[in-house]
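Visitor: So for the sequence shown, the numbering used here puts the first residue at 375; every next one is plus one. C-beta: ideal position from N, C-alpha, C; glycine also. Everything numeric in this text was worked out from a predicted model, so none of it was measured. So that we are looking at the same thing, I have put the structure below in structure tokens.
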Amino acid sequence: MLQTKEDLNQTDEGSTIKGFGGFIKETLSILVIAFILSMILKAFVVEARVIPSGSMLPTIQIDDRVLVNKFIYRFQTPKRLEVIVFEPPPETGHHEDFIKRVIGLPGETVEVRNGKVFIDGESLEENYLQEAPDYNFGPVVVPPNCLFVMGDNRNKSFDSHMWNGWLTLDNVKGKAFFTYWPFNRMGTMK
375 MLQTKEDLNQ TDEGSTIKGF GGFIKETLSI LVIAFILSMI LKAFVVEARV IPSGSMLPTI
435 QIDDRVLVNK FIYRFQTPKR LEVIVFEPPP ETGHHEDFIK RVIGLPGETV EVRNGKVFID
495 GESLEENYLQ EAPDYNFGPV VVPPNCLFVM GDNRNKSFDS HMWNGWLTLD NVKGKAFFTY
555 WPFNRMGTMK
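Here it is in structure tokens:
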């Protein structure tokens with residue numbers, strides 16, 4: 375059957391309307407799926423964080439943006455010198471998450487003396503520090519299922535040596551692994 379010019383015009387107008395409506399529907403579907411996926415990623419896999427304090431200077435600067443791997447510690451425990459994000463213990467009186475470096479592992483003896491950190495009597499090599507600690511602490515033994523954490527800015531960090539407590543492994547939220555802002559500091563966490 376042959377179509378007239380009027381039939382073609384009506385079909386074109388109808389398909390344009392359907393096409394625009396289809397475009398809106400498809401775009402909204404993509405946005406909803408992207409939003410749901412981003413919420414799943416943020417909740418379980420990776421999360422972006424803004425650093426509010428100088429406790430990790432010089433490694434992490436105030437207002438740096440870092441990515442936190444929230445998935446990794448489902449399969450392994452934190453290792454010494456990893457930078458982690460965690461919910462602070464109740465005795466700190468703080469409710470905002472902290473970011474610190476893992477120093478002592480369960481069962482290890484931690485001591486700070488004469489500007490150095492010692493693990494089981496051995497001096498810990500810490501080339502990431504801007505200045506040595508100006509205090510003495512310990513020796514203390516890290517309990518099972520706990521960590522001893524310290525900020526890289528040792529003399530201005532509210533950490534395990536200050537709150538005289540332990541960070542339980544259950545409070546660990548993830549491993550900070552990448553600085554993405556500012557661009558001139560972009561790179562993996564060391």
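Indicate whether the contact test is met: 3 or more Cβ pairs, each with one atom in the segment 499–507 and one in the segment 389–409, closer than 8 Å.
Guide: In short, these stretches do not touch, since the Cβ pair count stays below three.
Visitor: In chain order, what residues of the same chain have a beta carbon less than 8 Å from the beta carbon of I425, not counting five sequence neighbours either side?
Guide: Locating residue 425 in the sequence shown gives position 51, where the first residue counts as 1. Contacts found: I434, Q435, I436, D437, D438, R439, V440, I473.
Visitor: What's the gap between the Cα of R448 and the Cα of R475?
Guide: Working through the sequence shown from its first residue, we reach residue 448 at position 74. Working through the sequence shown from its first residue, we reach residue 475 at position 101. Answer to the nearest angstrom: the Cα atoms are 19 Å apart.
Visitor: List the endpoints of the continuous alpha helix (DSSP H) containing M536.
Guide: Indexing the sequence shown from 1 puts residue 536 at position 162. Unbroken alpha helix (DSSP H) run through M536: 534–537.
Visitor: Buried or exposed for K564, please, with buried defined as at least 16 other CB atoms from any protein chain shown within 10 angstroms of its CB.
Guide: In the sequence shown, residue 564 corresponds to position 190, counting from 1. When all chains shown are included, K564 counts as exposed.
Visitor: Are there 16 or more other CB atoms within 10 angstroms of the CB of M524, so buried, or fewer, so exposed?
Guide: Counting from 1 along the sequence shown, the entry for residue 524 is found at position 150. Buried, because 16 or more other Cβ atoms sit within 10 Å of the Cβ of M524.
Visitor: In the DSSP assignment, find the unbroken beta strand (DSSP E) run with F445 in it and report its ends.
Guide: If you number the sequence shown from 1, residue 445 lands on position 71. It is not in any beta strand (DSSP E) - F445 carries neither H nor E in the DSSP assignment.
Visitor: Any chance the segment 509–526 sits against the segment 551–558, with 3 or more Cβ pairs inside 8 Å?
Guide: Not touching, per the Cβ criterion.
Visitor: Can you tell which of P517, R559, F557 has its C-alpha closest to the C-alpha of W540?
Guide: As a working mapping, residue 540 is identified with position 166 in the sequence shown. Selected option, being the one with the closest Cα: P517.
Visitor: Give a yes or no on whether the C-beta atoms belonging to S429 and S531 are separated by under 7 Å.
Guide: Indexing the sequence shown from 1 puts residue 429 at position 55. Indexing the sequence shown from 1 puts residue 531 at position 157. The answer is yes: Cβ separation under 7 Å.
Visitor: Which of the three DSSP states is assigned to K490 in this structure?
Guide: Taking the sequence shown and counting its residues from 1, the one referred to as residue 490 is at position 116. Residue state, collapsed to three classes: strand.
Visitor: Please report the straight-line C-alpha distance between K453 and K399, rounded to a whole angstrom.
Guide: Taking the first residue of the sequence shown as position 1, residue 453 is located at position 79. Taking the first residue of the sequence shown as position 1, residue 399 is located at position 25. C-alpha separation (whole angstroms): 47 Å.
Visitor: Over the uninterrupted beta strand (DSSP E) stretch that includes V457, give me the two end residues.
Guide: Numbered from its first residue, the sequence shown carries residue 457 at position 83. First-last of the beta strand (DSSP E) with V457: 457–460.
Visitor: Tell me whether G478 is buried or exposed, calling it buried when 16 or more other Cβ atoms sit within 10 Å of its Cβ.
Guide: Mapped onto the sequence shown, residue 478 falls at position 104. The residue in question, G478, is buried, as its Cβ has 16 or more Cβ neighbours within 10 Å.
Visitor: Give the DSSP bridge partners of T483, in chain order.
Guide: Stepping through the sequence shown from its first residue, residue 483 is reached at position 109. Answer by DSSP bridge pairing, in chain order: V515.
Visitor: Just to confirm my understanding: we take V491, look at its own chain, exclude 5 residues before and 5 after, and list those with CB closer than 8 Å. What are they?
Guide: Locating residue 491 in the sequence shown gives position 117, where the first residue counts as 1. Correct list, in chain order: I477, V484, E485, S497, L498, E500, P507, M524.
Visitor: According to DSSP, which residues form a beta bridge with V424?
Guide: Taking the first residue of the sequence shown as 1, we reach residue 424 at position 50. The partner list for V424 (beta bridge, DSSP) reads R439.
Visitor: Just tell me which of G561, K549, D494 has its CA closest to the CA of E482.
Guide: Counting from 1 along the sequence shown, the entry for residue 482 is found at position 108. Out of G561, K549, D494, D494 has the C-alpha closest to the C-alpha of E482.
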